Every structure is written in C-alpha cells, then in structure tokens.
Amino acid sequence: MDFELDAPQNAILDGIDGVLRRHAGGDKRQLPGDTDYDSALDDAIAQAGYRAGESELSPLEAALVVMRVARTGASIPVAAHILVGPLVLGRPFARPLALLGERGTPVRFGAVARSGLILEADRAHLLTLDPAGCRPVRHAWSPATARLSIVDDEVLDAGCAERFRDWWQVGIAAEAVGLLDGALARTLDHLRSREQFGRPIGSFQAVQHRLAELSVAHEGARWLTCEAAWLGAPPLAAATACAAAMTAAEQAVGELHQVSGATGLTNEYGLHRFTFPLVALRAETGGLGVQHRRVAAARWSRMPEGAMR
Amino acid sequence: MEFAWSEEDRSFRRELREFLAATLPPGWVEREADPSESEHVAFSRQYAKRLAERGWLTPHWPREYGGQEATPWRMTVLAEELWAHGEPRGPQYMNVNWIGPTIMAHGSDEQKRYHLPRIAGGDVIWCQGFSEPNAGSDLTALSTKAVRDGDVYVVNGQKIWTSYANEAEFCFLLVRTGVSGDPREGITILLTPMGLPGIEVRDIGAVVGEHAFHEVFFSDVRVPVDCRLGDEGRGWDLVRTALSRERVGSRRYTRTGATVDRTASWARDHDRFDDSSVQERLAEAWVACEVARVLSYKVVDEVARGETRGASASLARVAATRADQAAGNLCVDLMGVEGLAAGGSADVQYRRLALVAGIAAGATEVQLDLIARGGLRLPRQR
C-alpha cells in the first residue's frame, strides 16, 4: 500500500502538465466556443503517447493522467482516448472515440467522432462513424453533441464486453474526479476573495461545512478510482468507484453553483466548464441508480450469504 | 502509488480470521451486543488477555515494552478484522492506542513499570476523564480543580459522558492546576485510580445504551502526586500528542460493511433483494463504507510515512460517520418496525451506532471545520 506517487509517476504527470500548459486553459485555449472539441490538445496528447499500455503507461497511471487533463476543463474525450479505448480494444482506433450508453441518443463528441464503443446484449461493438452524416443536437451540457451516423458495426470478442463496462466505469470516475478538482479550485478562489458582510464568504461556517462534506465525497472517489484502476477494474471496485464519483458529482454541481451565486452562472466565471460535463457524465452512465445496482450485483450476487470483505 | 497488501499482511489476516472464528462464541458477531453492557465488558476482559497472549493486543508497541513494532498497515489488518467481528477488545482501545504510548513517552519509571505491563496484558480498563458539563468540543474550558497539598492533589469537580467509568480501574484525568490568560495552560494529567475515596460514578440514563454514559464526581479526592503524568500545568501539549496517536481513528467501517452485508442477506431471505430500489439502498450504504475505508487508508499511509498534519484524519472520520448513518437509514427503511424491536438490527444500527457516530470522539462539525481550514484552506471564521 502506498498512496504517494513514485518518481516515474511524477514524471508522467509532469509530462502531461507540460502538454496541457502549451495547449489548454486561459489565453492558450484555441477553441471558438466552450462546447467544441479541442482537436489540437487531443492530437498533442495522442502524439506524446499518453495511452494505457503504451510507453509503459499502466492503467493507474492512465487514470491519473485522465484526472489531470479533466481538471483543466479540456474539451476532449479524455477517458475514452487515454484509458478505455486502449484497454478495451488493445489496438489503434480512429479518434475521436465516442462511448455510447445506447443507440439513437445524442452522444458527447458525436459531432466529430470517427469511432464509437457501445455495449449491447452483453457484447461490445466497435462502430465506424461518419461525422459528416451525423445530426448535431444543441446541448448545453456536453460538447460537440450529435446523433451518430454509423457506417460499420463490428461485434467484438466476448471478453470485450465486461472489460468495456468495467473500464468505462473507471474512466468516467477518473474524468469526474478531475472535473471535480477543477470545479472545486475555481469555486475556492471565489470563496476566498469575494467579500460580503465585511468578510470572505468562504469564512462562513454554513459555506465551509458544505464544501467540507463535498471534499469527503470527492477524496473518497479519488482514492477508490485509483484503487480500482490499480486492481485492473474488477467489477465491484469499478462499480464502487463510479458510484462514489457520481455521488460526489451530484453533490458538487448543486453545492458549487449555490455557493458561487449568480456569478457562478456566467460564462466568464467558467464553473460550468467543469460542472456541466459532470452532469453529462451522470446522464451517460444511466444515473446513480444504475451504478448502485451494478455495485449490488457485483457485491451480493457472486458472494456467499453474509460474506465479509 | 500501489494498492496491494503485502504477503505478510495477507497471511496475518488469514491467521487472525481463523483465530477469531475458533475463539469467538457462536453468534457473537451477529448478536450486535451493546458494548456498554456489563456482560460484553466482562467478555472483553478475558478476550483481551487471549489476544495479549498471542501478542495481538499491543503489537505496535516498541519491543522494550513487549510489542513487535508492527507497522500501521499491520495494525489496520488487526483493527479491521476485530471491528468486523464485533470488536471483542471492548474498551481496550484507549489504553492500548494512546494511554500506554503516552505513558511510555512522558511517564516516570515507576509509572511505566506499573502501568505498561498491565495494559499490554489486557488486565486493566481505563476511562478518559476529559469532557465536563461546560467543556465538550472546547476541552480547554475544563474546570475540575486540583490543589496541591503536600504529597497529594486534592481534586474537586465533575466529568461527564465518561464511557466505561463504571468498569475502569484508572482514569486518564485532566484537571486544572492553574489559571492564566491562556486556557491551554494550567492543565495537568493525573493517572487516577478509580477506587480512591471521594470518586462517585453515576449512570446517566441514555437512549443509546444501558451503561453508555456516566458522570464522575470528584469530592476532595486525594490523588498522590506520583500519579501526575508529566509536568504540572503542561498537560495540554501531552493530550494533543496523545490524541494525534488516535489519528487513524477506529476502523468501524468494517463493522458497518458487515452490517450492510447482513442486511443484503436479510433482503434475500425476505424476498426483497430483487427489488431494484432495495439494491440501490444497499449499494449506497456499501459505497459509503468503501469511501470510509479508502479515506482511512490514506491516513494510515500518512502515519506510516510519519506525516502528522493535514485534514485526512477528519475526512476519514466524517466518512465513517456518514457510513454508519447510511447503514442506519438503510436498516430502518428496509426492516421496518420489526427491525426496530429492541436488539433488532435496525434498532442497533440506528440507535446505538448511527445516532452516536457524529458525536462520540469529537463532533462532526469540528471535523468539518478542520477540513475547511486545513484541507480547503478557507479563511478562518471570525
């Protein structure tokens, strides 16, 4: 057991921080709008080889990279490209890769995606997509959203289905933890500097306790996600991490916007760059209830009655 | 960063489980006894001795005091398994975890010679004389007074909420021996035998357990000066250090997790498990236990590398409290009126555990303050 990053892990994160500094955030953001796909950053990350299984990047390290990228609010399918796609497919795939809960619904990055992964009837499918044929959907919550145009549908080996479900849950959890990092940092800046009644609003206990409660959920999700990635996404650990992350996400969006007041609802403040994708992720997973039912299935239908850890 | 138990720790867990299965009475884990019951305490007294015989009561102590210098991770295995099995050590956690180590660090040779073998052998129960009617979360407001009179301190005052005061042979007693502008100064620790004349223990009728709380009255109690731990008036620093030894806190999330597992079995036995809303509630409580577990591990990791600051301990404590509350709510909603019958699972989990969780060993609100300031760096409240 060791919760500290070792030297190679620190080097990996320093490396991705360098890529992010050059391509994301602040005035270096090249995006025309907040809801578009940041292809320049995505290409830079891909060219630098940040994919699980490549350059000796372990799944845990890939999850840490996902968190690091997500916390900048970068508008790319980060978990799909760095963690889920490489671990499920084990071969190169066309980017952007969209991850789908079901056919026919609007899909995050569907407007630009060239491939897709979907789980249907216990089999995973790799879809080849035609971005030119997609039907864009106006969507405040998720970037580059569209209904897909599918040109090819490959049913993957039987083993892919469980691998996809489990790594997808870890990927969503990692992305959510990173988004929560970004959302919290943005809000804490505001709470420390904005004064009302002659004092920073972050000094009020009513505000502090809400943020502290959120911190419990957030940090719990972070370590459960790291643990699940390190363990190789066994079903119970993956579902637990995802449920913990979605619980934190649900709590965070409401609380962080509440304590940020009307300012938090403006484009300029930018909290929505983190909170809106958190809502989209929740929807994409089928909701917290689905995650909880997966936890229940993994915990209690495969174990003897009354079994303990 | 890695999340594997060492082979030695895994093998220790197996050995411990076998021992617990072989030595705990049938139905012990499931009976969910009130830990303050005299019968439970009596069992704990003899069971602690069995653990001590195997070196499992104080394995983390230094070798010169009979320990094995076990790592914080080894202690985590021990504590997790014991909590998952109904915590048969009962009230031993205080003396084993922080009273003994504090005596080691600050006690006289005579105090070490007398107290440490008794604690290590599981022969003694201690209580903690901290809270007073007007000193709870703000402990430095304590006013129980000790006045030096030759070779004794004459103690007058009152302690409250003192768990196990009815059973304890000794009290780790905080008294005020001086008054200055700083309330942290003038506090002195007396290792007080509970049999001294002038000490009266009264039960406080409580809804959460038969002998859960006590008041302890001190009327002209003459405590020998030899019982003083450390210097007069300098007790507060010792207490802070002592309580930092409790940084990891209890591993009660394993007991809560075991309760959730048993509730899942109950749901299956009562044809409720296939109801998706039941599964969701069970999983919600289970995830809360897992959050508490992993946040507790984070603290263990910090302790193992010698870090003593930061908000991790508070995060873990709040998480453990929330897990107990989630399990309490689960049991009540699922098991209904039948489960709330005295001694039923819902009754035990909600009344004895969930209601107490955020109060015992430090109010949740204090932990949230510590997270806000220490972890999130929010400005101090004025």
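As you go down the protein sequences, you meet chains D and B in turn. In this text, residue positions in the first sequence follow the working numbering: the first is 1, and each later residue adds one. In this text, residue positions in the second sequence follow the working numbering: the first is 1001, and each later residue adds one. Don't be surprised by glycine CBs; every beta carbon is placed ideally from N, CA and C. Remember, predicted model here, so these are calculated numbers, not experimental data.
Test item: CB-CB of residue i and residue j under 8 Å
| i | j | result |
| --- | --- | --- |
| B:T1058 | B:G1067 | yes |
| D:R73 | D:F274 | The displayed chain sequence assigns Gly, not Arg, to residue 73 of chain D. The answer is yes: Cβ separation under 8 Å. |
| B:E1081 | B:L1142 | no |
| D:A70 | D:A183 | no |
| B:R1020 | B:H1085 | Just to set this straight, residue 1020 of chain B is Leu in the shown sequence, not Arg. Yes; because the gap between Cβ atoms is below 8 Å, this pair is in contact. |
| B:T1241 | B:L1334 | no |
| D:A121 | D:A144 | no |
| D:V151 | D:L117 | no |
| D:A241 | D:L214 | no |
| D:L256 | B:L1376 | no |
| B:L1368 | D:H209 | yes |
| B:I1125 | B:E1064 | no |
| B:P1062 | B:V1303 | no |
Closer than 8 Å to chain B by CB, residue i
| i | result |
| --- | --- |
| D:R282 | no |
| D:G287 | no |
| D:L20 | no |
| D:T240 | yes |
| D:R163 | no |
| D:G220 | yes |
| D:R299 | yes |
| D:D6 | yes |
| D:G232 | no |
| D:T196 | One point to set straight first is that residue 196 of chain D is Gln, not Thr, in the sequence displayed. For D:Q196, the answer is no, since every Cβ of chain B falls outside 8 Å of its Cβ. |
| D:L13 | no |
| D:S115 | no |
Same chain only: Cβ atoms within 6 Å of residue i, ignoring 5 sequence neighbours per side
| i | result |
| --- | --- |
| D:M67 | A174, V177 and G178 |
| D:P277 | L179 |
| D:D153 | H125 and L127 |
| D:R123 | V155 and A161 |
| D:L310 | Missing from the structure shown is residue 310 of chain D; chain D here goes from 1 to 309 and no further. |
| D:R222 | V177 |
| B:A1267 | F1273 and V1278 |
| D:A298 | P235, L236 and A239 |
| D:Y269 | T263 |
| B:S1296 | A1316 |
Range covered by the beta strand (DSSP E) that runs through residue i
| i | result |
| --- | --- |
| D:H272 | Segment H272 to E284 is the alpha helix (DSSP H) holding D:H272; no beta strand (DSSP E) there. |
| D:A233 | Careful: D:A233 lies outside any beta strand (DSSP E) and carries neither H nor E. |
| B:H1214 | F1213 to P1224 |
| D:N152 | Strictly speaking, residue 152 of chain D in this sequence is Asp, with Asn absent from that position. Taken as a continuous stretch (DSSP letters only), the beta strand (DSSP E) holding D:D152 covers I150 to V155. |
| B:V1201 | I1199 to I1204 |
| D:I118 | S115 to E120 |
| D:A98 | L97 to L100 |
| D:V107 | Neither: D:V107 is in no beta strand (DSSP E) and is coded neither H nor E. |
Element boundaries [alpha helix (DSSP H), containing residue i]
| i | result |
| --- | --- |
| B:Y1164 | Run containing B:Y1164: none; DSSP gives neither H nor E here. |
| B:H1106 | G1100 to H1106 |
| B:R1148 | Element bounds for B:R1148: not the alpha helix (DSSP H) but the beta strand (DSSP E), K1145 to D1149. |
| B:H1270 | No alpha helix (DSSP H) contains B:H1270, which DSSP labels as neither H nor E. |
| B:Q1325 | S1312 to G1339 |
| B:F1019 | E1007 to T1023 |
| B:G1235 | G1235 to S1244 |
| B:G1374 | B:G1374 -> no alpha helix (DSSP H), and no H or E assigned at all. |
| B:C1227 | That residue, B:C1227, is in no alpha helix (DSSP H); it is neither H nor E in DSSP. |
| B:S1276 | S1276 to A1304 |
| D:V295 | L288 to W300 |
Contact set between residue i and chain C, taken where Cβ atoms lie within less than 7 Å
| i | result |
| --- | --- |
| B:W1073 | Of the chains in the structure shown, none is chain C; the protein chains are D and B. |
Beta carbon proximity, residue i to chain D, threshold 8 Å
| i | result |
| --- | --- |
| B:M1001 | yes |
| B:R1089 | no |
| B:E1069 | no |
| B:S1137 | no |
| B:R1014 | no |
| B:Q1349 | no |
| B:P1379 | yes |
Beta-carbon contacts of residue i that lie in its chain and below 7 Å, excluding the five residues immediately before and after
| i | result |
| --- | --- |
| B:C1289 | Y1253, T1256, G1257, V1260 and A1323 |
| D:V207 | L191, I201 and V259 |
| B:R1013 | V1077 and E1081 |
| D:A243 | L288, Q291, H292 and V295 |
| B:D1138 | none |
| B:E1008 | none |
Three CB pairs or more closer than 8 Å across the stretch 1093-1105 of chain B and the stretch 1154-1162 of chain B: No, the stretch 1093-1105 of chain B is not in contact with the stretch 1154-1162 of chain B.
Would the stretch 1187-1197 of chain B count as touching the stretch 1212-1226 of chain B if we require 3 or more Cβ pairs under 8 Å? Contact check between the stretch 1187-1197 of chain B and the stretch 1212-1226 of chain B: three or more CB pairs, one atom from each, fall below 8 Å, which counts as touching.
Is the stretch 1323-1332 of chain B in contact with the stretch 1340-1353 of chain B, if contact means three or more CB pairs nearer than 8 Å? Yes, since at least three Cβ pairs between the stretch 1323-1332 of chain B and the stretch 1340-1353 of chain B fall closer than 8 Å, the two stretches touch.
Under 8 Å, with one C-beta from each stretch per pair, do the stretch 1270-1277 of chain B and the stretch 1105-1121 of chain B reach the 3-pair mark? Verdict: no, contact absent.
Within the chosen definition, does the stretch 1205-1212 of chain B reach the stretch 1048-1057 of chain B through at least 3 CB pairs nearer than 8 Å? Flag = no, the stretch 1205-1212 of chain B and the stretch 1048-1057 of chain B do not touch.
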